[in-house]
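Student:
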Amino acid sequence: MRTFIETKLFEEFFQKSSISREELFRFYKTFDPELKEGTFGWRIYELKRKNIIKSVKKGIYTIVNKKEFKPDFNQIILDIGKHLQSSFDHHNYNIWNTAWLNEFIELQIISYMIILETDRSSMESVFYNLKDNGFQNIFLKPDEGIIDIYISEISSAIIVKPMISRSPVKVIRKIQIPTLEKILVDLFCDEKIFYAFQGNQLVKIYEASFEKYTINLSRLLNYAKRRKREEAIKDFLLENINEKIKDFIE
């Protein structure tokens, strides 16, 4: 249950797309004029712990009034996740389904790809292990030719590819999946694999993602930087996404 001050904070800021640390400090000072910076830091910590605010950039927050991205798992993802947990000591992987993107676009896709990323050193062993255990239509780091000739012609495929170090992931039902920020960056960067989601489709996916969920722009841009596409994605966001995010990027 929210405290009186937390309720007032929500009433004050819920219509704003962002709140600066300075604005929050001034708000708290109206209730406690003697508030010190150190104590205020704990107020911020508690608000984040209670999921009342989230960071979108250093010193910039947003009220949490959007749901968390928690996609449904089909049986293939559940089976692969269970297999990885039982067959491999490492847990440096993430897995997701391009069918998850249907909630962001009008033209629904029928075919889908399961994207499984592992660290480069175990990528081949994971691929052959899954193949030997009956997983079908599985491809190891496919090039453009394989994508065009084979993958584009089948209703479902499993793609095993290398995982960028320090990729943003989270755990749901004991399975590691990419955060929505990582998915958005990968769609932008890997045009050949995600050929069906380029152009206007990509714009629609980004627009709907920002509308439905709280996107951590710092996380998104940090991962884009690791993929050496930070400036390109900044330009894309500034050109296509809501004006409200300009202050976060520029």
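Mapping to our numbering: the sequence shown position 23 is 195, numbers consecutive.
By construction, the Cβ of each residue, glycine as well, lies at the ideal position given by its N, Cα and C atoms.
Could you check the C-alpha separation between Glu178 and Arg215 for me, to the nearest Å?
Tutor: To locate residue 178, count along the sequence shown from 1; it is residue 6. To locate residue 215, count along the sequence shown from 1; it is residue 43. Between Glu178 and Arg215, the C-alpha separation is close to 10 Å.
Student: Take every Cβ of the stretch 273 to 283, pair it with every Cβ of the stretch 369 to 377, and state whether three or more of those distances are shorter than 8 Å.
Tutor: These segments touch.
Student: Which ranges would you report for the beta strand (DSSP E) in the stretch 338 to 421 if only whole runs of at least 3 residues count?
Tutor: If we require 3 residues or more, the beta strand (DSSP E) runs fully inside the stretch 338 to 421 come out as 341 to 344 and 347 to 350.
Student: Just to check my reading of the structure: Ile331 and Ile365 have Cβ atoms closer than 8 Å, yes? What is that Cβ distance to the nearest angstrom?
Tutor: Within the sequence shown, residue 331 is the residue found at index 159, counting from 1. Within the sequence shown, residue 365 is the residue found at index 193, counting from 1. Yes, they are in contact, since the Cβ atoms of Ile331 and Ile365 sit about 7 Å apart, within 8 Å.
Student: Out of Tyr284, Asp291 and Tyr265, point me to the one whose CA is closest to Gln348's CA.
Tutor: Numbered from its first residue, the sequence shown carries residue 348 at position 176. Closest option to Gln348, Cα to Cα, is Tyr265.
Student: For Leu356, does the count of other Cβ atoms within 10 angstroms reach 16, so buried, or fall short, so exposed?
Tutor: Reading the sequence shown from its first residue, position 184 is the one you call residue 356. Buried, because 16 or more other Cβ atoms sit within 10 Å of the Cβ of Leu356.
Student: For the putative contact between Lys346 and Gln247, defined by C-beta atoms under 8 Å, what is the C-beta separation to the nearest angstrom?
Tutor: Sequence index remark: in the sequence shown, residue 346 carries index 174 (1-based). Sequence index remark: in the sequence shown, residue 247 carries index 75 (1-based). No, Lys346 and Gln247 are not in contact; Cβ-Cβ is about 15 Å, not under 8 Å.
Student: Would you mind reading off the limits of the alpha helix (DSSP H) that contains Val298?
Tutor: The residue you call residue 298 lines up with position 126 of the sequence shown. Met295 to Asp304 is the extent of the alpha helix (DSSP H) around Val298.
Student: At which residue ranges does the stretch 237 to 274 contain complete alpha helix (DSSP H) runs of 4 or more residues, listed in the order of the chain?
Tutor: Whole alpha helix (DSSP H) segments, 4+ residues: 247 to 259.
Student: Three Cβ pairs or more, each shorter than 8 Å: is that satisfied between the stretch 197 to 204 and the stretch 235 to 242?
Tutor: Judged by Cβ distances under 8 Å, the stretch 197 to 204 makes no contact with the stretch 235 to 242, as fewer than three pairs qualify.
Student: Ile331 lies in the alpha helix (DSSP H); which residues open and close that run?
Tutor: Here the question's residue 331 lines up with position 159 in the sequence shown. Looking at the DSSP string, Ile331 is not in any alpha helix (DSSP H); the run it does join, the beta strand (DSSP E), is Ser328 to Pro334.
Student: Decide if Glu403 is buried, meaning its Cβ has at least 16 other Cβ atoms within 10 Å, or exposed.
Tutor: For this step, residue 403 is matched to residue 231 along the sequence shown. Result: exposed.
Student: According to DSSP, is Glu206 part of a helix, a strand, or is it coil?
Tutor: Translated into the one-based positions of the sequence shown, residue 206 becomes position 34. DSSP places Glu206 in coil when its eight states are reduced to three.
Student: What do you get for Tyr233, buried or exposed, if any count of 16 or more other CB atoms within 10 angstroms of its CB means buried?
Tutor: Stepping through the sequence shown from its first residue, residue 233 is reached at position 61. Classification for Tyr233: buried.
Student: Flag this pair as yes or no: are the beta carbons of Arg235 and Phe182 separated by less than 8 Å?
Tutor: The residue you call residue 235 lines up with position 63 of the sequence shown. The residue you call residue 182 lines up with position 10 of the sequence shown. For clarity, residue 235 is Ile in the given sequence; the question names Arg instead. Against a cut-off of 8 Å, the Cβ pair of Phe182 and Ile235 comes out as a contact.
Student: With which residues is Leu312 paired in a DSSP beta bridge?
Tutor: What you label residue 312 is simply residue 140 of the sequence shown in a count that begins at 1. Answer by DSSP bridge pairing, in chain order: Val332.
Student: Is Asn388 closer than 8 Å to Ser227 when the C-beta atoms are compared?
Tutor: Locating residue 227 in the sequence shown gives position 55, counting from the first residue. Locating residue 388 in the sequence shown gives position 216, counting from the first residue. Taking 8 Å as the Cβ cut-off, Ser227 and Asn388 qualify as a contacting pair.
Student: Tell me, to the nearest whole angstrom, how far the beta carbon of Asn269 is from that of Ile249; I am working on the premise that it is less than 8 Å.
Tutor: Your numbering for residue 269 matches position 97 in the sequence shown. Your numbering for residue 249 matches position 77 in the sequence shown. That belief holds up - the Cβ atoms of Asn269 and Ile249 are roughly 6 Å apart, short of 8 Å.
Student: With Leu181 as the anchor, note down where its alpha helix (DSSP H) starts and where it stops.
Tutor: Against the sequence shown, residue 181 aligns to sequence position 9. Note, Leu181: alpha helix (DSSP H), Phe176 to Phe185.
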